[in-house]
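Counting the sequence shown from 1 gives a position; our numbering is that position plus 767. Beta carbons: idealized from backbone N, C-alpha and C, even for Gly. Reading through the structure tokens given below for one structure.
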Amino acid sequence: MTLNGSRQVHVPPERLAGWLDGFAQRHGTPIVTVTEGAVALRSPDQATAEIGLVWGPLPPSDDPLTELVAAYAEHRLVGALIVRRRRHAVGVFEGPRLVTGRHHGHYVQGKTKAGGWSQQRYARRRANQADHAYASAIDDAIELLLPAVGLRALAVGGDQTGVETVLADRRLASLKELPRLKVPGVPDPNAAVLADFGGRYRLAPISLNEYA
């Protein structure tokens, strides 16, 4: 989701109501405009904020900000897939809580400065190691995500090529049909990164202009 503005902040669901109140106190009561993809605030001092609707459009309401806070506060069942060449993690979250998860590391050879035949040999070996790593991530996704009933979305992070390679497996076709939440800046996943992922994918992205 791309929002307009000069800078962006990310606010946890439990702090969103307070953030909205603070925006109004600092800049004056805003005019609220709701579109399919965002809620826009425009204050008397020209400060604007645009909150992305990562969970989809809000229902019609006379109080869209209350609906916005409720949408982010809801505890949904969400699948998680983090893929990098050297590590991957798969999990199922209910709200911020990790219900079940798994993470693995893989050996993938680094790039070599050698040329000619040696370089080609290393490249083939590295590609084979990466394929093995992706296959392991596919297996974990099949075992953990496919049996999960009622998934509302799939949150993904890591290397985009790796994520797409894993989801290209035909056995995971049902996961590709889920709404997808892309979480930027996720490091190589371990137990701590996976556990923290439930908080990261639930953050509300807010774009601010230069007056906010």
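{"Asked": "Hey, is the stretch 906-924 in contact with the stretch 841-857, meaning 3+ C-beta pairs nearer than 8 Å?", "Found": "yes"}
{"Asked": "Helix, strand or coil: which one does DSSP assign to residue 842?", "Found": "coil"}
{"Asked": "How far does the alpha helix (DSSP H) with residue 932 in it extend, from its first residue to its last?", "Found": "927-934"}
{"Asked": "Which of the three DSSP states, helix, strand or coil, is assigned to residue 972?", "Found": "strand"}
{"Asked": "Report the three-state DSSP secondary structure of residue 977 (helix, strand or coil).", "Found": "coil"}
{"Asked": "Alpha helix (DSSP H) containing residue 783: first to last residue?", "Found": "780-794"}
{"Asked": "Could you tell me whether the stretch 967-974 touches the stretch 772-792, where touching means 3 or more Cβ pairs closer than 8 Å?", "Found": "yes"}
{"Asked": "For residue 791, which residues of its own chain have a beta-carbon under 7 Å away from its beta-carbon, when the five flanking residues on both sides are left out?", "Found": "797"}
{"Asked": "I'd like the ranges of any alpha helix (DSSP H) spanning at least 4 consecutive residues and lying wholly in the stretch 937-965.", "Found": "940-943"}
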